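Participant:
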Amino acid sequence: MSSWNEQVDALWGQADQISDAELLAQMRALASERPNDPLALAELGGAHDSTGHPVEAANLYQRAVEAGLSDPKLSQVVIQHASTLRNLGRHDESIAMLRDHYDAQPDHELAGAASVFVALALATSAREREAVVELLRTVEPTLPRYNRSIRAYADALEAGEI
């Protein structure tokens, strides 16, 4: 018999081939095997998120964190939860959550993805200039050339000079 984690991975692997209702039913069944387990709550939150139930997803993500979810799943759930909050119109909470988690660890493998979600939250809250600055500052270190120029453009955009 496969482990619980393997069963969850297998379910996510077939998520595009089954109905949303079936994905939720199967994830609920798996989560019921581990009541109040932070990882089970996080996976169930993800299932609600991917099937268009953001309020339930946000609540489950919050419960997972409160139950002691740890890395590496915690860092993924921070992004997923923040994205869900953005979808619910809670832009400032989304931005704060991502910055609180990832500003403390700028070299985290998901820090770039977190910046993209910050930019999305900024853009959907009518703060497009800040969103562009966020993306420029995220992309700049990865570029082989033009770094100085891109930093200067980001600074000028941030200062309202362009």
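To convert, take the position in the sequence shown, counting from 1, and add 777; that gives this note's numbering.
Where a beta carbon is used, it is the ideal one built from N, C-alpha and C, also for glycine.
As the structure is a prediction and not an experimental result, all values here were calculated from the model.
I'd like the span of the alpha helix (DSSP H) that includes residue 787, first residue to last.
Facilitator: 781 to 790
Participant: Do you know whose CA, among 888, 866 and 798, lies nearest residue 876's CA?
Facilitator: 888
Participant: Counting Cβ pairs, one atom from each stretch, are 3 or more of them under 8 Å apart for the stretch 868 to 882 and the stretch 834 to 847?
Facilitator: Taking 8 Å as the limit for Cβ pairs, the verdict is that the stretch 834 to 847 does not touch the stretch 868 to 882.
Participant: Cα-Cα, which of 922, 913, 919 and 884 is closest to residue 930?
Facilitator: Ranking 922, 913, 919 and 884 by Cα distance to residue 930 puts 913 first.
Participant: Whose C-alpha, out of 792, 799, 785 and 854, is nearest the C-alpha of residue 819?
Facilitator: Selection 792, 799, 785 and 854 evaluated against residue 819 yields 854 as nearest (Cα-Cα).
Participant: Can you say whether residue 939 is buried or exposed, counting buried as having 16 or more other CB atoms within 10 angstroms of its CB?
Facilitator: exposed
Participant: Here's the rule I'm using: 16 or more other beta-carbon atoms within 10 Å means buried, otherwise exposed. How should residue 807 be labelled?
Facilitator: buried
Participant: Report the option in 849, 848, 859 and 783 whose CA atom is closest to the CA atom of residue 894.
Facilitator: 859
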